[in-house]
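In my numbering, the protein residues as written are -18 to 696. Data block below; observations after.
Laid out in structure tokens, this is it:
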């Protein structure tokens, strides 16, 4: 095919993660196509694809256009025509599949739905600042399960049950998956649940109540290459007739094929060899732009040393274990989304011992391990701690309080305020940045005036930095340390964790060092907190007595970035990561003093040993089907050896509440009768041959225990 008179049409779709090139003949038949991940090397990837086209087709003439989220910059750099990808897709669908009423496409970092009316007028919906429901989200979940995406799809095909997983945020989903893994849920079920979560996110976030009419056309790499994802959409949208679903050939290339069709303005005609020469002579090589740089963390080592010395002033009072014999001790546990913190204090609020560790999706075991370590340290000193009161706070407050029979539950924000006031009595503002959450507490006249928390996005939390540290081959502590050496932190903005992957790759391509990227991420954390969560325009509302908390502030670069942006000095306690647990221990201490002042009050006891806490945390599981409303929730009841219950899976707490102090209500004797009759094992003991249905009517109610036992024993 070396005939230079041969004329073809080409569409180049450069997305956030992949590059697609299509070449068609004058009749629209695809004669060449490639789909390839570009790893931020967009021009090099497209150049290699056109070299393959040259070898296969010869030096043919092309009429080409560029599309895609990363295509505009390429088009502007090389003077090539650009077509918006939605326009390109709509053009292709209108010509090739005019019967389409809904178009659903999932890309690397974007997803879109286009609704077409009878006149084929489009109503376009695209994802915004969140990458939940995109290919990059699936990639991130595959890494978490330690499988590649192809294997994730194979696992999903073998699933038997779907579990709820947060689809709005990759970081939140990580916690859900870790919890499922700790419950020994199979990877097959988790894989299918991930695909289901993506389908739910795309449909609910983009349709926003509009009816998704048939026929439905699927496109984009994930929907093309992962049948498990397609199956999740088919089930969610209840597509029962196969004719209602359209899967075009080369559906992963659909925008590129649309770009090859669009004819806007003067055509761009060139041979493949000229295109390659253009790319070689004007490579898209950008040097780091000074406009992308932020203020250096420190201008000298002397400044850094002085800054560290100032922050070393804010230390909690400590007492050695050997001096606690006979003392009343108070236990505080902060069960967070990603970490567990435990603190022991004496009657003066002096820190006796502490524990901080990742919970790996199993908060009960994390507390057990922490208590065991503390007990071991006391045993080594020949002591047995006497805990007279205990309190829990944080993400898993109700679970930990029930499991270990703790006395009190402390609202997380109040625990943090109590701890902050211990270091700065006149505190005016508290900011706490944890693994997946962020809290801001405004204090006025020694009372909490306002509380703000992050909602559906975890960009700018601790896991945000941890993810990038590991992706660049660094430990979290080393990654934080080198950030303080950065002289030109790269401005990465405040974006979704998944989107930030592309920004980091771009920064590396522009010559930024790892130190500059680490410092840039530290700035991103603080910018996200100040501008996206708090939406601040005037920093004066924060006052001048600012206390920072949370494990993220163990990263000195994050702490420094906050002071630079606020132009204020802040108080950073040396136990910033333990402040929730410390506040819980202080809550237990305060309640103990109240109980002493009012001896008739509840929960006043003479003290417990750590062994008594440990023994109470074993539990049995029981699945209950709530029939109180149309949701029919599948509720998992955990019953602990201390007699406490904990419920999970319920959408409300009307009937299954985790409040151990809930006032006892009267018994419904009919419900009690039904439980006695029907809450029993119904699975056969052998391999079933027949299925029996027992009607719930007349005397069958009273006789059901007999028939149930008889039939199950028969196998």
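We put the CB at the ideal spot given by N, CA and C, even for glycine.
**Message:** Please report the straight-line C-alpha distance between residue 604 and residue 345, rounded to a whole angstrom.
**Reply:** 19 Å
**Prompt:** When the Cα atoms are used, what is the spatial distance from residue 522 to residue 434?
**Reply:** 17 Å
**Request:** Can you have a look at residue 334 and say buried or exposed, based on whether 16 or more other CB atoms are within 10 angstroms of its CB?
**Result:** buried
**Request:** Report yes if the C-beta distance between residue 401 and residue 411 is below 8 Å; otherwise report no.
**Result:** yes
**Within 8 Å, strictly: CB atoms of residue 302 and residue 312** = no
**Request:** May I have the straight-line CA-CA distance separating residue 680 from residue 652, to the nearest angstrom?
**Result:** 17 Å
**Item:** Buried/exposed call for residue 519, threshold 16 Cβ in 10 Å
**Value:** exposed
**Message:** Report the CB separation of residue 228 from residue 199 in whole angstroms; it is logged as a contact under 8 Å.
**Reply:** 6 Å
**Item:** Best match in 184, 628 and 89 for proximity to residue 381 [C-alpha to C-alpha]
**Value:** 628
**Option in 559, 8, 172 and 297 with minimal Cα separation from residue 403** = 297
**Asked** Secondary structure at residue 265, three-state DSSP: helix, strand or coil?
**Response** Residue placement at residue 265 cannot be trusted, given a pLDDT of 43 that sits under 50; the coordinates are not used to answer.
**Asked** Okay, do the region 40 to 54 and the region 200 to 220 touch, 3+ Cβ pairs below 8 Å being the bar?
**Response** no
**Message:** Helix, strand or coil, according to DSSP, for residue 192 in the structure here?
**Reply:** coil
**Message:** Quick check: the Cα distance between residue 182 and residue 35, rounded to an integer number of angstroms?
**Reply:** 41 Å
**Item:** CA nearest to the CA of residue 693, picked from 684, 667 and 683
**Value:** 667
**Request:** Could you tell me the boundaries of the alpha helix (DSSP H) in which residue 419 lies?
**Result:** Careful: residue 419 lies outside any alpha helix (DSSP H), inside the beta strand (DSSP E) at 419 to 425.
**Asked** In three-state terms, what does DSSP make of residue 201?
**Response** coil
**Message:** Whether or not the region 233 to 243 and the region 68 to 84 are in contact is what I'm after, with contact meaning three or more pairs of Cβ atoms, one per stretch, closer than 8 Å; do they touch?
**Reply:** yes
**Request:** Might you give, ordered along the chain, the residues of its own chain that have their beta carbon closer than 8 Å to the beta carbon of residue 332, omitting 5 neighbours on each side?
**Result:** 297, 298, 299, 300, 324, 325, 326, 556 and 563
**Request:** Given a cut-off of 8 Å, decide if residue 471 and residue 501 are closer than it, judged by their beta-carbon atoms.
**Result:** yes
**Prompt:** Between the region 28 to 42 and the region 8 to 16, do at least 3 Cβ pairs fall closer than 8 Å?
**Reply:** yes
**Item:** Delimiting residues of the alpha helix (DSSP H) encompassing residue 10
**Value:** Where residue 10 is concerned, there is no enclosing alpha helix (DSSP H), given that its DSSP letter is neither H nor E.
**Asked** Do you know offhand how far residue 697's Cα is from residue 550's?
**Response** Residue 697 is absent from the model: the chain starts at -18 and stops at 696.
**Item:** Three-state class that DSSP yields for residue 348 in the structure shown
**Value:** helix
**Length-filtered (3 minimum) beta strand (DSSP E) runs lying within the region 280 to 330** = 309 to 316 and 320 to 326
**Asked** Among 682, 626, 566 and 355, which has the Cα closest to the Cα of residue 600?
**Response** 626
**Prompt:** Can at least three beta-carbon pairs, one atom from the region 495 to 509 and one from the region 525 to 532, be found at a separation below 8 Å?
**Reply:** no
**Prompt:** Should residue 283 be labelled buried (16 or more other beta-carbon atoms within 10 Å of its own) or exposed?
**Reply:** exposed
**Request:** Reducing DSSP to helix, strand and coil, say where residue 145 ends up.
**Result:** coil
**Item:** Residue environment, residue 294, which counts as buried when at least 16 other CB atoms sit within 10 Å
**Value:** exposed
**Message:** Considering just the uninterrupted stretch of the beta strand (DSSP E) at residue 652, what are its terminal residues?
**Reply:** Premise fails: residue 652 lies in the alpha helix (DSSP H), 650 to 659, not in any beta strand (DSSP E).
**Message:** Can you find the residues in the same chain that come closer than 7 Å, C-beta to C-beta, to residue 161, ignoring five residues on each side of it along the sequence?
**Reply:** 144 and 171
**Prompt:** In angstroms, rounded to a whole number, what distance separates the CA positions of residue 362 and residue 321?
**Reply:** 24 Å
**Item:** Same chain, Cβ closer than 8 Å to residue 635, neighbours up to 5 away in sequence not counted
**Value:** 609
**Prompt:** What residue range is occupied by the uninterrupted alpha helix (DSSP H) comprising residue 619?
**Reply:** No alpha helix (DSSP H) contains residue 619, which is instead part of the beta strand (DSSP E) from 615 to 621.
**Prompt:** Any idea what DSSP makes of residue 625, helix, strand or coil?
**Reply:** coil
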